[in-house]
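As C-alpha cells, the structure follows; a few thoughts come after it.
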Amino acid sequence: MKKFIALLLSAVMMVSLAACASSAPAPAASEEAPAEEAASEEEAPAEEASAEEAAEASGDEITLDVIICQYGPNTNEWFLGSGMDGTNFVDKFESENPGVKLNLEVVSWNDVYTVVDTRIANNNAPDILNIDVFANYANDGLLMPVSEYCPEDLYNDFFPSFIEQSVIDDTVWAVPDLASARAMFYNVDMLEEVGVEVPTTWAELEDVSQAIIDYYDGEVYPWGIDMTTDEGQAAFAYYTWGNGGGFVDENGDWAVNTPENVEGIEFALGLIEKGFTNPNPATETRYDLQDMFAAGKMAMLIAPNQLPTYVADKGGDINMATAAIPANEGKTGSSVGVMDRVMAFKDDSAPDQEARNEAIGKFLKFFYDPENYVGWVSMEGFLPAVNSAVEALVASDPSFEAWLDVLASCKFYPAAKAEWDQVKQGVIAAEQEALTGADIQAELDKLQEELTQ
Amino acid sequence: MNRTKWEPYVWLLPSIILVAVFVIFPILIVFRLSFSEISKSGVIGGFIGFQNYVDAINLPAFTTVMKNTFWWVVSVVGLSTVIGFIIALVLNQAFPGRKIARSILILPWATSLVIQASVWNYIIKYEYGNLNNILLNLGIISRAINWRSSYQIEFVWECFVGIFVTIPFVTFCVLSGLQSIDPSLYEAATVDGAGFWSKLKNVTLPLVKPSLTVSTVLNIIYVFNSFPIVYTMTKGAPANKTDTMITYLYMLSFYERKKGPATALSVIGFLILCVCASVYMIGVMRNEEAA
Amino acid sequence: MTGEFRRQNKIALFLMMIGLILSLIIMLLPLYTFRAGVFTKKSSNTFYGDEKYLAARAEVEEAAREFESSGFPVTITEDALERTNSKGETTSLYTFTIEQTFGRNLFAFLRSPLASGHVFRFLLCTAVLTLLFALLGLAGSIDTHPKYLPKGKAFFRSASVISGVLSLLSVPVFVMLNNYTFSRKLSLYRDELIEDGKEAFYTKLDSFLFNGTAGDQFESMVSKLEIHRSGLLWLLLPALLIMLVAAVEIRHGAVKNTLLRMAMYVFIVIVSVITVYPYFVMLITGLRSNAETLDMYFLHILPTEWMFSNLADILHRGVARYLLNSLMVAGGATLIAMLCGVPAAYALARMNFKGKKVFLGFVIVSQMFSPVVLLIGISQLMNTLHLNNTIVGLMLINAAFNQAFAIWLLRGTFISISPEMEEAALIDGCGTVRALTKVLIPMAAPGIVTALIFVFINAWNEYTISTVLISTASKRPITVGITQFSSFNMIEWQYLFAASLLATIPVVILFMSIEKHLTAGLTSGGVKG
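Quick mapping for you: the protein sequence lines, in order, are chains A, B and C.
Position 108 (the first sequence) corresponds to 107 in numbering that gives the first Met the number 0; numbering is contiguous.
Position 20 (the second sequence) corresponds to 19 in numbering that gives the first Met the number 0; numbering is contiguous.
Position 352 (the third sequence) corresponds to 351 in numbering that gives the first Met the number 0; numbering is contiguous.
Written out as C-alpha cells, the structure reads:
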C-alpha cells in the first residue's frame with residue numbers, strides 16, 4: 000500500500016509540474032496562455048465568442064448582458080417578474096426598443112463580486128453593471144468613459160455632486176444609480192419616558208445612554224453599533240467624521256491613523272464596553288439592529304432613510320424621529336451618504352461599437368425615465384440620483400424633501416481611490432481586532448503603513 | 000476469463016474523461032493562476048514566479064487562519080466520525096420505527112449548507128433566536144441567553160453545525176459497510192462467547208474499516224474545503240478570528256481583492272491536504288498490515 | 000431457583016419503598032421561596048429629601064399601610080442611583096420597593112389550581128402507583144420467573160414500570176412549568192404583552208400564593224415576583240430512579256439489558272430531536288407573517304396565524320421553476336456520475352491492470368480543491384465548451400465533482416462481493432455487461448444506493464458554481480433562487496425558510512423510496528470474509 004501513496008504523491012507532482020509548464024509564458028501557447036489573454040484586453044480577438052455574441056454578429060439585434068444587484072424584496076419581481084404594473088422592466092424595455100435585447104440578471108449582494116470578478120477573469124464581463132465600487136474596474140481599463148454612451152441630456156440630469164464621486168483622472172467612469180442617506184433615528188416615546196433630550200454631542204449621547212440603561216434596567220439598548228464585515232466601514236465613517244477625522248486628509252491622501260480617528264473609534268468602543276450598545280457588534284448586522292429598533296428594544300441608532308418603511312414592514316409601531324448624527328464637542332458631524340453606480344464595460348469583440356454604445360444609451364435613457372425610475376427608487380425607499388425624478392418623488396412622499404436636503408450635505412466614502420477596498424476591509428479588521436482587545440492605534444498605524452508603502 | 004489488455008481502460012474511459020475535463024482542467028488553471036499576476040478586479044496578467052506565495056505566507060492572519068483550520072478539521076471530522084459511527088451501529092439494529100429514524104437522520108444532509116447555516120444562525124440569535132424562544136417558553140431558562148457572546152463561542156457553534164451536517168455522511172458510509180457484514184460472523188462470535196465490545200472490536204471494526212477509511216479521507220477533504228457554514232455565520236468576524244482557510248481566501252479574493260495571494264493560498268491548502276490525506280492513509284494501512 | 004427470585008424481588012421492593020420515602024421527604028422541604036416585590040415606584044431626577052422624593056416616599060408608605068391593613072407583613076426598601084453626567088450635573092433615579100418573602104414545600108402544590116399543580120398531583124400519584132402496582136404484581140407470584148408470569152401479574156408489573164417512567168418524567172416538567180408560570184408567563188401579563196386569560200390566571204395565582212386573599216391588590220403584589228428554587232429538588236430524580244430500576248427488576252429480572260435498550264431509545268430520541276429541530280424552526284418560521292419573524296419578546300413558539308399564503312407567495316416568485324431546475328441538475332448529475340462511476344468501479348474491483356492505483360489516487364486528488372477556488376477555471380472551461388448558462392453544464396460539473404466518492408465506495412462494495420456469481424453468469428454465456436447489470440448491481444444495492452444518494456444530495460445542494468455559471472433567472476437551481484429572499488434591504492426569513500423546507504422534501508422522498516435497498520441486496524450473495 001505504500002506504493003499507492005507514493006503513486007498518489009507522484010500524481011500530485013505531475014499535476015503541479017504540468018501546471019508550472021503551462022504557466023510559462025510561451026508566446027505560441029494555446030488560447031488560455033496568460034500572456035495572450037492579457038494582451039487580448041487591448042486588441043480585438045474574437046476568440047471564444049459566446050453564443051449570444053455570435054447571434055449578434057449575424058443579425059442586427061444587440062444583446063446587452065446586465066447585472067443588477069438585489070436591493071429589496073421587490074427588485075427581482077420588478078426587473079424580471081410582474082412587479083412593474085403587471086409587466087417587468089425587461090419586457091417593457093424590449094418592446095419599446097426593438098433591436099436591443101436584455102439578458103438581465105438580478106444577483107444578490109453576497110454573490111455579486113464573485114460573479115462579476117469571475118466573468119472578468121474570463122473576458123466575459125457584463126455590458127452593464129450596477130454595483131457600489133468602480134475604481135478597480137476603471138483602473139484595469141475595463142470601463143468605458145460615461146461620455147461615450149450616455150446621452151447629453153441624461154448626463155446633465157444627474158446631481159453634479161454625485162457625478163463627482165465617480166471621477167478618476169478627470170474622466171467620469173460611472174453614473175449614480177441611487178443613493179441613501181443616513182441619520183440618527185430615535186424612539187421618541189422612549190426618550191420622553193426616560194425624560195432626556197435628543198443627544199447632539201458624544202458626551203450627551205453617553206448621558207442619555209446611561210439614563211436609558213438605568214431606567215429600563217438594561218432591557219433596552221440605548222445605542223446601536225454595527226461593526227460587521229459588511230458594514231464596519233460605516234461605523235468608521237460615523238465616528239471619525241464626527242470628530243473631524245476621516246479616511247483621507249485634506250489633500251485626499253489616506254490618513255486612517257490620525258489622532259481624531261483613534262479618538263473617534265475609541266469613543267465607539269467605549270460605548271460598547273459600557274454596555275450602551277447591542278452586545279455583539281462584530282456579528283449583529285444592520286438587519287438585527289433595525290429589528291431591535293422596530294421591536295422597541297433599541298432607543299437610538301444610525302440608519303438609512305429606509306428605516307421607517309422597514310419598521311412598518313416588520314409590523315413595528317414605533318414613534319420615531321430623525322436627528323443629526325452626534326459629533327464630538329466642538330466638531331460638526333456630517334451625514335453619511337451611500338451611493339451605488341451603473342457602469343458600462345468595454346467589449347472589443349462587439350462588431351459595431353457605435354450601435355452597442357447607442358444601445359447602452361437607450362438602456363440608461365429608459366432606466367432613468369421618470370416613468371420607470373421613480374417607481375424603482377421609491378419601491379425600495381431609496382433616494383434618487385437625477386433631478387427629473389425629484390418632483391414626482393416629493394409629490395408622492397413629502398418626507399423625501401427633508402432627505403434630499405440631508406443628501407445634499409452628505410459625505411461619501413472615497414470609493415474613487417484605488418485602495419478603497421483595502422482601506423474598507425482594513426478599518427473593519429482594525430475595529431474588530433479592537434473589539435477583541437487589541438489597541439486601535441496600533442491597528443490603524445499598521446494599516447496606514449501598508450497604505451503608504 | 001479472457002480479457003484483452005485494453006478492456007479495463009475502456010471501462011475507465013468515461014470516468015477519466017469526466018474527471019479530467021471538468022475537474023483537472025480547472026485545477027491546472029488554478030496552478031497557472033497562482034504564478035500569475037491578477038489585478039484587483041480579476042484581470043489575469045503575466046508570470047510573476049513565486050511572488051503570490053511569498054505574499055500569501057506573509058499575510059498577517061495566516062497563522063490564525065491555519066490554527067482555526069486545524070481545529071475546524073480535527074473537531075468536525077473527529078467528532079462526526081465518532082458520533083456518526085455510534086448512530087450507524089444503533090441504526091443497524093432492528094427496532095420498530097427504524098425507517099423513520101433513518102429518514103430523520105439523513106435530514107441534515109438533505110439541506111444545503113447555506114440554509115443549514117442560516118437556520119442555525121437564526122436559532123442562536125440572542126434577540127429573537129428560536130432557541131431562546133423555546134427554552135424560555137418551556138421554562139428551562141428564565142432570561143434570554145447570549146449564545147454567541149465571544150468569537151471563541153461562535154467558532155464552537157460553527158464547529159457544531161459542521162459536525163451536525165457531517166454526521167449523516169459518516170453514518171450512511173458506515174451503514175453501507177455494516178450491511179456487507181455476513182451475520183453468520185456475529186453468530187460464530189456469539190457461540191465463541193464474545194461480548195458486545197469484543198464483537199465490535201474483532202468483527203465490526205475490521206470489516207467496516209475500508210469504508211470508514213475512504214469516508215474519513217474524503218471527509219477531511221470536504222470539511223477542509225467547506226465554505227458556507229463559516230461564511231454565512233460570521234464571515235470570519237471578528238478580524239479573521241473565526242475564518243478557516245477556505246473562507247479566508249474567499250474574503251481575500253473578493254473583499255480585500257488580493258486575488259494573487261488568495262490563489263496561492265488555495266494551492267498551499269491543496270498541498271497540505273495531499274500531505275494529510277497521504278499521512279492518514281499510510282497510518283491506517285500500516286496498522287492494517289500489522290494486524 | 001425459586002428462592003433466588005423471592006430474594007431478588009424482596010430487595011427490589013425494599014429499594015422501591017426507600018425511593019418513595021426519600022421522595023416524600025424531599026417533597027416536604029420548603030424548596031420554593033417566593034419574594035413578592037409587592038410594589039415598585041420609580042422616580043427619576045430625585046434627590047434625598049427634595050420635593051419629588053417626599054412625594055414618592057409618601058405614596059409608597061401609603062401603599063405599604065394598605066397592604067399591612069389587609070394582613071400582609073411587608074418591608075420597604077429604597078435604592079438611589081446617582082450619576083454625574085458630562086456637564087457636571089448630578090442625576091438620580093430612586094427606586095422604592097415593598098417586599099414580602101415566604102417559602103413553600105411541594106405539598107403546597109397539591110391544592111394548586113395552576114398547571115404545575117396538575118403535574119405535581121400526577122407525579123405523586125404515579126410514584127405511589129409504582130409501588131402499588133408492584134405490590135399487586137408481586138402478590139402471590141413473588142417466586143415466579145418473570146418470563147412465565149400469569150397475564151394479570153405481568154400486566155401489573157408492566158404498569159409499575161410505566162408509572163415509574165412517568166413519575167420520573169414529570170419532575171422536569173414540573174420544574175419547567177413552575178419556571179414558566181411564576182416568572183415568564185406572569186411577566187408577559189404584567190408587561191401587557193399578552194392579554195387573553197389574564198383574569199383566570201391571576202385568580203389561580205392568587206389562590207396559590209396568597210390563599211385567594213390578595214384580591215384587588217394582587218396586581219401590585221406580584222408586580223415584582225421572584226421565585227427561587229432550591230437545588231435539592233433535583234434529588235427527586237435519583238430517588239425516583241431507584242423506584243424505576245426496582246420496578247424494571249421486578250418486571251424483567253434482567254435489569255441491565257432492559258436499561259440498555261431504554262438507553263438506546265433515549266439516545267435515538269435525543270438525536271432525532273436535535274436533528275429535527277432546525278426543520279421545526281424552518282416550518283414554524285416559514286409559516287409566520289413577516290412581522291412575527293422578529294418576535295423579540297419571545298411571545299409564541301408557534302405562529303399566531305399560520306400563513307399558508309407564504310407558500311403561494313414563494314411559488315409566485317419562481318420557486319417551482321427553481322425546484323424543477325434543481326431536480327434536473329441533480330437527476331442528470333446522478334445519472335452521469337453512475338454511468339461513468341459504476342464501470343470504472345467495476346474495472347477497479349475486478350480487473351488487474353497497470354495504472355490502477357494511479358487512477359484511484361488521481362480521483363482522490365481531484366477532490367482536493369474546493370469549487371470556490373476553481374470558479375475561474377470552471378467558468379473558462381464552460382465558455383470554451385459553450386456550456387455556460389446551461390443546465391447540462393451544471394450536470395456535468397456536479398457529476399465530475401462526485402466521481403471520487405462514487406468510485407471509491409462502489410469499488411469497496413464490489414470487492415466485498417464474491418466474484419463467483421458473476422463468473423457463473425459469464426460461463427452461462429452472459430456478456431460482461433449483462434453479468435454486471437443482472438448479478439453484481441442488485442447484490443451491491445446498499446453501496447449503489449448510498450452513492451446515488453450522495454451524488455444526488457451534493458448536486459442538489461451545490462451553490463457556488465451555479466451562481467457564476469447560470470445567468471438566466473429561469474435556469475437557476477433552488478439554492479441560487481432563494482437568495483432573492485435575502486436582499487440588501489431586508490431578509491425575508493419566512494420565505495427563505497419556507498422555500499428551504501420545500502427544497503428538502505424531494506430529497507427526503509427520494510431517500511425514503513430507496514431506503515429499503517440499504518438493507519437488502521447482500522443476503523443472496525456469498526460474502527468474502
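We put the beta carbon where it would ideally sit given N, CA and C, even for glycine.
- When DSSP states are grouped into helix, strand and coil, Phe-184 of chain A belongs to the strand group.
- With a threshold of 8 Å between beta carbons, Glu-265 of chain A makes no contact with chain C.
- In this structure, DSSP gives Thr-227 of chain A a state outside helix and strand, which the three-state scheme calls coil.
- Near chain B, meaning a CB-to-CB distance below 7 Å, the residues of the stretch 251 to 279 of chain C are Met-263, Phe-266, Ile-267, Val-270, Ser-271, Thr-274, Val-275, Pro-277, Tyr-278.
- Interface with chain B (8 Å Cβ-Cβ cutoff): Leu-113 of chain C is excluded.
- Inter-residue distance for Ala-158 of chain C and Ala-100 of chain B is about 27 Å (C-alpha atoms, whole angstroms).
- Here DSSP, grouped into helix, strand and coil, assigns Val-255 of chain A to coil.
- If you look at Cys-68 of chain A, you'll find it in the beta strand (DSSP E) that goes 61 to 68.
- For Val-99 of chain A, the enclosing beta strand (DSSP E) has its first and last residue at 99 to 106.
- Interface residue (Cβ-Cβ distance to chain A less than 8 Å): Ile-122 of chain B is not classified as such.
- One alpha carbon belongs to Gly-245 of chain A, the other to Thr-239 of chain A, and they sit about 5 Å apart.
- For Gly-48 of chain B, the closest alpha carbon among the candidates B:Phe-30, B:Thr-62, B:Ile-166, B:Asn-57 is that of B:Phe-30.
- At a cut-off of 8 Å between C-beta atoms, Leu-190 of chain A does not count as an interface residue with respect to chain B.
- Here Asn-129 of chain A carries a strand assignment [DSSP, helix/strand/coil].
- In the DSSP assignment, Leu-206 of chain B falls within the alpha helix (DSSP H) that extends over 204 to 223.
- Relative to Pro-125 of chain A, the option among A:Val-132, A:Asp-131, A:Val-115, A:Ala-134 whose CA is nearest is A:Val-115.
- The bridge partners DSSP lists for Lys-40 of chain C are C:Phe-95.
- Remark: fewer than three beta-carbon pairs, one from each stretch, lie closer than 8 Å, so the stretch 245 to 257 of chain A and the stretch 78 to 94 of chain C are not flagged as touching.
- Between Ala-87 of chain B and Val-216 of chain B, the C-beta gap is not smaller than 8 Å, which leaves the two residues out of contact.
- For Cys-172 of chain B, the residues of chain C that pass the 8 Å Cβ criterion are Leu-408, Thr-449, in the order they occur in the chain.
- Secondary structure of Glu-225 of chain C (DSSP, three-state): strand.
- Chain-order list of chain B residues neighbouring Pro-278 of chain A: Tyr-125, Asn-145, Ser-148, by C-beta distance under 8 Å.
- Scanning chain B for C-beta atoms nearer than 9 Å to the C-beta of Trp-492 of chain C yields Ser-117, Tyr-121, reported in chain order.
- Residue contact check for Tyr-221 of chain B against chain A: no CB pair falls below 8 Å.
- Residue pairing for Lys-234 of chain B: DSSP places it in no beta bridge.
- In the three-state scheme derived from DSSP, where H, G and I count as helix and E and B as strand, Met-244 of chain B is classed as helix.
- Residue pairing from DSSP leaves Asp-215 of chain C without any beta-bridge partner.
- About 4 Å separates the Cβ atoms of Val-59 of chain C and Phe-95 of chain C, confirming a contact at the 8 Å cut-off.
- In this structure, Ala-458 of chain C keeps its C-beta atom at 8 Å or more from the C-beta atom of Gln-402 of chain C.
- The beta carbon of Asp-64 of chain A is closer than 7 Å to those of Asn-102, Pro-125, Asp-126 in its chain, skipping five residues each way along the sequence.
- If you draw a 10 Å sphere on the C-beta of Gly-285 of chain C, you find 16 or more other C-beta atoms in it, and that means buried.
- Counting only Cβ-Cβ distances below 8 Å, Glu-153 of chain B has contacts in chain A at Thr-282, in chain order.
- Judged by beta-carbon spacing, Ser-179 of chain A lies beyond the 8 Å limit of Val-171 of chain A, meaning their Cβ atoms are not closer than that value.
- At a cut-off of 8 Å between beta-carbon atoms, Ala-238 of chain B makes contact with chain A.
- Counting the other Cβ atoms within 10 Å of the Cβ of Tyr-136 of chain A gives 16 or more, which makes it buried.
- Comparing alpha-carbon positions, the option among A:Thr-308, A:Asp-316, A:Ile-359 lying closest to Gly-380 of chain A turns out to be A:Thr-308.
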